[in-house]
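K.L.:
Protein chains: 2
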Amino acid sequence: MKNKAYSIGVDYGTNSVRALIVDVKDGREIATSIYPYPSGEQGILLDPSKPDLARQNPEDYIQGFFHTVSSSIELAMRNPDFSPNLVVGIGIDSTGSTPIPVDCTGKPLATYEQFKNNLNAHAWLWKDHTAYAEADEITQKAKTFDTRYLDKCGGKYSSEWYWAKILHCKNIDPEVFDAAYSWIELCDFIPAFLTDNMNPNLCQRSICAAGHKAIYHSDWGGLPSNEFLSSLDPDLVNIKKRYKTNALASDRKAGNLAEHIAKKVNLPTNIPVTVGAFDAHMGAVGAGIKEGTLVKIVGTSTCDMMVTHLNNHTPDIPGLCGIVPNSIIPNHHGMEAGQSAVGDIFNWFVNNIISSKTSNDDCHIQLTLLANELSPAESGLLALDWNNGNRTVLVDPQLTGLLIGQTLHTKPHEIYRALIEATAFGARKIIERWEEYNVTVNEVINCGGISEKNHLVMQIYADVCNKTMKISRSDQTCALGAAIFASVVGGVYDNVEQASLNMTGTKDIIFTPIPENVVVYDQLYALYSDLHDSFGIQDQAINLAHIMKKLILLRNTTLQSKGIAHV
Amino acid sequence: MKNKAYSIGVDYGTNSVRALIVDVKDGREIATSIYPYPSGEQGILLDPSKPDLARQNPEDYIQGFFHTVSSSIELAMRNPDFSPNLVVGIGIDSTGSTPIPVDCTGKPLATYEQFKNNLNAHAWLWKDHTAYAEADEITQKAKTFDTRYLDKCGGKYSSEWYWAKILHCKNIDPEVFDAAYSWIELCDFIPAFLTDNMNPNLCQRSICAAGHKAIYHSDWGGLPSNEFLSSLDPDLVNIKKRYKTNALASDRKAGNLAEHIAKKVNLPTNIPVTVGAFDAHMGAVGAGIKEGTLVKIVGTSTCDMMVTHLNNHTPDIPGLCGIVPNSIIPNHHGMEAGQSAVGDIFNWFVNNIISSKTSNDDCHIQLTLLANELSPAESGLLALDWNNGNRTVLVDPQLTGLLIGQTLHTKPHEIYRALIEATAFGARKIIERWEEYNVTVNEVINCGGISEKNHLVMQIYADVCNKTMKISRSDQTCALGAAIFASVVGGVYDNVEQASLNMTGTKDIIFTPIPENVVVYDQLYALYSDLHDSFGIQDQAINLAHIMKKLILLRNTTLQSKGIAHV
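Chains as they are written, first to last, in the working numbering: chain A, 12 to 578; chain B, 12 to 578.
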């Protein structure tokens with residue numbers, strides 16, 4: 012290892028981009044800078060008449076790189092040990108599936124005068140759900156064509172994913188579809204731009220994006236067959252042909268930083284740039300993922316990740332978003348699950364429903380304090396965490412929220428706690444699904460804003476899941492993960508495992524399950540499961556007449572045990 | 012008919028008592044006065060640790076009579092036609108079942124120093140649900156003992172009713188139970204007090220209270236048998252013996268106004284006072300109830316009433332609160348159904364959940380205005396109206412609220428409309444139950460605060476029930492009904508039908524079903540019914556996986572038809 016060396020991670024999130032410069036020896040953060048996307052609402056282009064639509068302006072991504080990297084370099088220069096010459100690599104991660112329609116030179120259609128006001132010509136952000144009908148069509152056709160396509164992505168193709176979005180564009184806006192030579196994932200677009208290799212046929216393609224969202228798998232030789240794509244729409248075959256048909260892990264180089272870009276950000280030219288990957292996956296690496304360690308990124312939504320060695324047999328697991336060889340960590344199966352909304356549900360309740368007299372942040376703090384006074388089951392409430400659909404294990408965006416148990420006395424902090432508990436039950440469903448298929452969860456490391464800010468959430472997760480909850484040491488795990496890959500591509504470490512061992516860790520505070528809470532939550536979880544199966548699974552007829560009565564009984568028992576007799 | 016004559020109705024509501032003086036010729040209101048009960052919270056004594064508990068201070072009832080009658084007499088005196096000598100009768104109605112534990116002279120235990128701070132020694136207000144376990148026990152025992160007891164009250168004895176409350180008192184507070192010589196219904200207590208006939212064995216007993224709440228019916232010769240009561244608790248037989256065992260309708264006189272009371276309110280002595288009845292039943296008369304006319308009193312809860320002539324066969328109807336000969340109108344079966352919470356649910360949402368920046372009243376107005384902009388199904392939401400249990404047709408206080416269909420975009424006015432719709436669906440369930448048993452609803456007359464103040468509620472009720480909604484002309488139907496009975500007891504009319512025909516009417520504004528809304532609400536009602544049956548009826552296993560999807564589909568169709576395309 013060089014005596015002093017640094018790597019840069021650039022993390023394209025939902026609302027902003029962040030650059031992070033770290034010491035490759037121990038992952039220590041030297042400088043960071045953030046750039047909120049200026050377009051739309053918090054960086055997202057919306058259409059009030061289509062609540063499922065979410066797009067972004069590709070120009071924000073370009074400006075974001077220049078702003079964040081040059082300012083973090085400037086900040087790092089205050090450290091006497093640092094010099095731009097000591098930077099060994101740049102790693103890139105982004106949201107996904109976020110495909111961008113581009114012309115034959117790789118230029119986004121949105122930059123054309125003709126398309127600048129057309130939302131369909133912009134980047135289709137991961138959380139765009141407009142393509143639900145096309146996702147269903149893909150699922151149905153795959154069932155008869157090649158069921159393996161579905162086995163690797165949990166049994167259902169999602170409206171958030173690559174082919175559904177492109178097919179939806181063809182269906183609703185043929186003009187944009189025809190003008191698009193190709194559709195490039197954001198995590199591939201950025202390395203292509205940085206290495207001046209934007210030709211869609213030539214730019215490197217991330218195994219993580221291709222494998223988890225575009226039905227790419229070595230089992231059937233890469234991308235889905237032309238026959239299958241033709242059955243959806245013959246034009247999709249062209250889309251397939253105009254993008255690399257072999258995908259790479261992020262320990263591989265996409266290319267070297269182009270001179271004109273290097274100059275703009277005060278870096279030497281020819282620094283290696285990694286193949287991109289999804290933010291969550293690099294985040295998992297930045298949090299210290301390894302076999303047996305579940306990493307949960309808990310933010311507006313969650314992403315839950317596990318890895319198993321490639322030489323261990325890993326079964327297909329119904330309902331999981333993806334099981335992809337070489338994603339997350341090379342030589343491992345990368346496995347991804349997730350909840351479509353977690354923090355988003357808490358924010359919805361505070362921002363939309365409670366018209367708080369204080370700021371929204373203060374309102375979250377206040378509700379958390381009051382909710383913390385409650386015992387499990389004391390509110391008598393139970394909720395489903397489906398306000399934005401269910402990603403795992405039902406894989407169904409056409410689901411909605413549910414709250415049960417309200418009386419005339421129900422208070423906002425009781426609902427707030429019920430919503431937290433609902434997301435914890437959803438988290439447990441995911442863990443149980445893994446363990447049913449013998450992927451054991453020995454340890455849970457959480458990262459993301461909520462895990463750091465809200466101890467009540469972490470304690471409830473520990474109690475509901477009956478697992479100790481740890482928190483990642485870094486609060487920028489995605490950018491740190493990108494920097495870890497950059498240190499590998501830069502030759503500092505031989506592999507990601509070594510780099511991760513040196514550069515990651517967890518915080519001192521850990522949340523241990525409280526046995527008496529575990530007992531109560533087991534009973535509430537059984538009720539949650541009845542609601543989950545009745546509303547979420549076709550043809551599962553369950554009588555639910557016990558639910559309200561059991562909630563009342565548990566509430567009364569809890570009140571009695573707290574000395575508040577309720578006759 | 013005398014040239015000029017007046018009658019007085021005194022209406023004991025949940026939070027206040029009202030006196031009303033009317034011209035017996037046409038029911039025109041001459042003077043009115045209201046007295047909010049000073050004790051507790053809005054007249055209700057609460058125990059924070061027992062959300063089901065609701066008691067009242069009997070002294071408030073006494074003071075309420077003096078205050079309201081003397082001030083309305085004072086007001087009426089400004090009318091040159093009026094003189095206290097022209098008052099032909101006083102009618103009394105009250106909430107119920109609201110039994111008061113009294114000593115052997117009829118004096119409430121709460122007036123004793125020893126009991127003045129004991130809530131169990133006070134009046135047990137109708138909405139007190141602490142006796143749910145005893146209600147269940149009564150239901151179970153009646154099933155094996157004499158099923159007719161249940162057939163007349165909808166198949167289940169309620170925690171709101173006479174015997175359940177007394178049995179609960181015995182179980183939790185034997186000291187109060189032993190000190191109580193008898194338990195007198197509020198609607199009997201007031202006439203007894205006014206006519207100086209408070210001895211529990213001698214005071215007149217209302218057929219309406221006895222029949223609807225105390226298992227009194229001519230089919231089994233009056234009150235339930237000693238054997239049955241003994242099977243619950245031998246002491247209940249004494250309670251039965253220390254209260255009249257024959258009950259009367261309110262066209263009968265309880266006695267004449269006692270001199271010392273007449274003096275206090277500036278009335279001549281010896282004015283006839285009617286046998287009491289429940290507020291809702293007299294309200295139905297004040298609204299103009301007759302065969303084929305459903306009267307709905309829509310307030311914090313609803314009371315829904317129908318009558319059929321005694322010589323028409325009227326079947327037992329499962330789930331109805333009561334079918335009692337001679338209640339409501341003499342020579343008719345009086346039938347009562349109801350929803351445990353209507354306005355209370357809207358108030359809960361505004362007062363407890365939304366921390367409004369404006370006053371609560373303004374908040375209701377604002378939410379109604381916004382909700383009025385929505386079309387049926389546009390919110391994508393569906394709710395159950397069970398925050399305070401379900402009185403008809405499930406007769407189950409151990410039920411709670413439910414809201415389904417929330418997304419991350421759901422707004423308060425959408426929830427507000429969903430709650431209104433939920434109460435409308437609950438109203439339709441009641442109408443359908445009557446019509447299933449061939450009691451046809453030709454006409455619906457609404458009364459109570461909400462029907463007058465909130466036109467949106469009335470339009471939604473019309474659309475959901477597909478029935479024209481009319482509103483009672485008087486906004487004091489309960490007190491007017493009491494005054495109607497007073498005019499009969501006072502000899503002005505031969506019977507209640509004649510008096511009602513002359514003294515009641517409806518307003519000019521009527522709400523007619525809008526055909527396109529009826530179509531959409533029929534579909535939403537089918538979903539409501541699935542939830543209703545699955546959560547409300549034991550052993551009814553229904554798959555609910557269609558509910559969220561159908562709500563989304565109906566929402567999208569509605570948005571499209573409004574020109575807000577939602578792809």
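Ideal Cβ placement from N, Cα and C applies to all residues, glycine included.
Since the structure is predicted, the reported quantities are computational estimates derived from the model, not experimental observations.
Can you give the Cα-Cα distance for B:Thr116 and B:His344, rounded to whole angstroms?
P.N.:
Distance between the alpha carbons of B:Thr116 and B:His344 is about 33 Å.
K.L.:
If you compare alpha carbons, which of B:Asn401, B:Leu395, B:Cys214, B:Arg402 is closest to A:Leu414?
P.N.:
Nearest option by C-alpha distance: B:Leu395.
K.L.:
Quick one: which chain B residues come within Cβ less than 8 Å of A:Gln551?
P.N.:
In chain order: Asn554, Ala556.
K.L.:
Take the Cβ of B:Met12 as the centre, count every other Cβ of all protein chains shown within 10 Å, and call the residue buried at 16 or more, exposed below.
P.N.:
Only weak support is given to the placement of B:Met12: the predicted model assigns it a pLDDT of 49, under 50, and the question is left unresolved by the model.
K.L.:
Name, in chain order, the residues that DSSP records as bridge partners for B:Trp194.
P.N.:
B:Trp194 is bridged to B:Pro112.
K.L.:
Going along the chain, which residues of its own chain have a beta-carbon closer than 8 Å to the beta-carbon of A:Ser50, five neighbours each way excluded?
P.N.:
Closer than 8 Å at the Cβ level, and outside the excluded window around A:Ser50, lie Leu56, Gln67, Asn68, Glu70, Asp71.
K.L.:
Which residues share a DSSP beta bridge with B:Thr304?
P.N.:
According to DSSP, which records beta bridges pairwise, B:Thr304 is partnered with B:Glu454.
K.L.:
Is it buried or exposed for B:Thr479, if we count other Cβ within 10 angstroms and need 16 for buried?
P.N.:
Under this definition B:Thr479 is an exposed residue.
K.L.:
Along the beta strand (DSSP E) that carries A:Met480, what are the first and last residues, could you check?
P.N.:
480-482 is the span of the beta strand (DSSP E), which, as asked, contains A:Met480.
K.L.:
Using a Cβ-Cβ cutoff of 7 Å, what residues of the region 418-436 of chain A are near chain B? List them in chain order.
P.N.:
Answer in chain order: Thr418, Leu419, His420, Thr421, Lys422, Pro423.
K.L.:
Applying a beta-carbon distance threshold of less than 9 Å, which residues of chain B neighbour A:Asn363?
P.N.:
The contacting residues are Leu419, His420, Thr421, Lys422, Pro423.
K.L.:
Just to confirm the assignment, what range does the alpha helix (DSSP H) spanning B:Asp541 have?
P.N.:
From DSSP, the alpha helix (DSSP H) with B:Asp541 extends over 526-547.
K.L.:
Helix, strand or coil: how does DSSP classify B:Met88 here?
P.N.:
Coil.
K.L.:
So if I threshold CB-CB distances at 8 Å, which residues from the region 285-309 of chain A count as touching chain B?
P.N.:
Taking 8 Å as the Cβ-Cβ cut-off against chain B, none of the residues of the region 285-309 of chain A qualify.
K.L.:
Identify whether A:Gln74 lies in helix, strand or coil by the three-state DSSP scheme.
P.N.:
Residue state, collapsed to three classes: helix.
K.L.:
Tell me, please, which residues DSSP counts as bridged to A:Gly29.
P.N.:
The identity of residue 29 of chain A in the sequence shown is Arg, whereas the question assumes Gly. Looking at the DSSP assignment, A:Arg29 forms a beta bridge with A:Asp22, A:Ile45.
K.L.:
Using the C-alpha atoms, what's the distance from B:Asp63 back to A:His324?
P.N.:
When rounded, the distance between both Cα atoms is 57 Å.
K.L.:
Could you please give the first and the last residue of the uninterrupted beta strand (DSSP E) stretch that includes B:Asp104?
P.N.:
98-105 is the extent of the beta strand (DSSP E) around B:Asp104.
K.L.:
Please go through the same chain and pick out, in chain order, the residues whose beta-carbon is closer than 6 Å to the beta-carbon of A:Ile431, but skip the five residues on each side of it.
P.N.:
Closer than 6 Å at Cβ, skipping near neighbours: Val468, Ile471.
K.L.:
When you compare each of B:Ala435, B:Gly354, B:Glu508 to B:Val475 by their alpha carbons, which one comes out closest?
P.N.:
Ranking the options by Cα distance to B:Val475, first place goes to B:Ala435.
K.L.:
Indicate whether A:Gly330 and A:Arg444 have their beta-carbon atoms separated by less than 8 Å.
P.N.:
Their beta carbons are under 8 Å apart, which means A:Gly330 touches A:Arg444 by this criterion.
K.L.:
With a threshold of 8 Å, are at least 3 pairs of Cβ atoms found where one atom belongs to the region 360-369 of chain A and the other to the region 510-525 of chain A?
P.N.:
Counting Cβ pairs under 8 Å, fewer than three are found: no touch.
K.L.:
Cα-Cα, which of A:Ala190, A:Asn567, A:Asn398, A:Ile32 is closest to B:Leu392?
P.N.:
Minimum Cα distance to B:Leu392 is reached at A:Asn398.
K.L.:
DSSP three-state label for B:Leu564, please.
P.N.:
Helix.
K.L.:
What residues from chain B crowd round A:Asn398, counting only those whose CB sits closer than 7 Å?
P.N.:
Here the neighbours are Gln417, Thr418, Leu419.
K.L.:
Output yes if chain A places a C-beta closer than 8 Å to the C-beta of B:Gln509; else output no.
P.N.:
B:Gln509 does not count as touching chain A.
K.L.:
Touch check for the region 481-496 of chain B and the region 281-298 of chain B: three-plus C-beta pairs under 8 Å?
P.N.:
Yes, the region 481-496 of chain B touches the region 281-298 of chain B.
K.L.:
For B:Val530, count neighbouring C-beta atoms within 10 Å of its own C-beta (all shown protein chains included) and say buried if the count is 16 or more, exposed if not.
P.N.:
Exposed.
K.L.:
Could you give the C-beta distance for A:Ser229 and A:Pro326, rounded to a whole number, given that I count them as a contact under 8 Å?
P.N.:
Their Cβ separation, rounded to whole angstroms, is 16 Å, which puts A:Ser229 and A:Pro326 out of contact at 8 Å.
K.L.:
Using a Cβ-Cβ cut-off of 7 Å (strictly less than) and excluding sequence neighbours within five positions of B:Trp137, which residues of its own chain qualify?
P.N.:
Result list for B:Trp137: Thr106, Gly107, Ser108, Thr109, Glu171, in chain order.
K.L.:
Is the CB of B:Met606 under 8 Å away from at least one CB in chain A?
P.N.:
Residue coverage of chain B in this structure runs from 12 to 578, which leaves residue 606 of chain B outside it and unanswerable.
K.L.:
Could you list which residues in chain A have their beta carbon closer than 8 Å to that of B:Phe188, in chain order?
P.N.:
Within 8 Å Cβ-Cβ: nothing; B:Phe188 doesn't reach chain A, min ~15 Å.
K.L.:
So, are the CB atoms of A:Glu231 and A:Asp157 less than 8 Å apart?
P.N.:
For the sequence presented, residue 231 of chain A should be read as Trp rather than Glu. Against a cut-off of 8 Å, the Cβ pair of A:Asp157 and A:Trp231 comes out as a contact.
K.L.:
Roughly how many whole angstroms lie between the Cα atoms of B:Tyr504 and B:Ser236?
P.N.:
Roughly 37 Å between the two C-alpha positions.
K.L.:
Which residue marks the beginning of the beta strand (DSSP E) containing B:Ile334, and which one marks its end?
P.N.:
Taken as a continuous stretch (DSSP letters only), the beta strand (DSSP E) holding B:Ile334 covers 333-336.
K.L.:
Does the Cβ-Cβ distance between A:Leu30 and A:Ile19 come in under 8 Å?
P.N.:
In the sequence as displayed, the identity of residue 30 of chain A is Ala instead of Leu. Yes; because the gap between Cβ atoms is below 8 Å, this pair is in contact.
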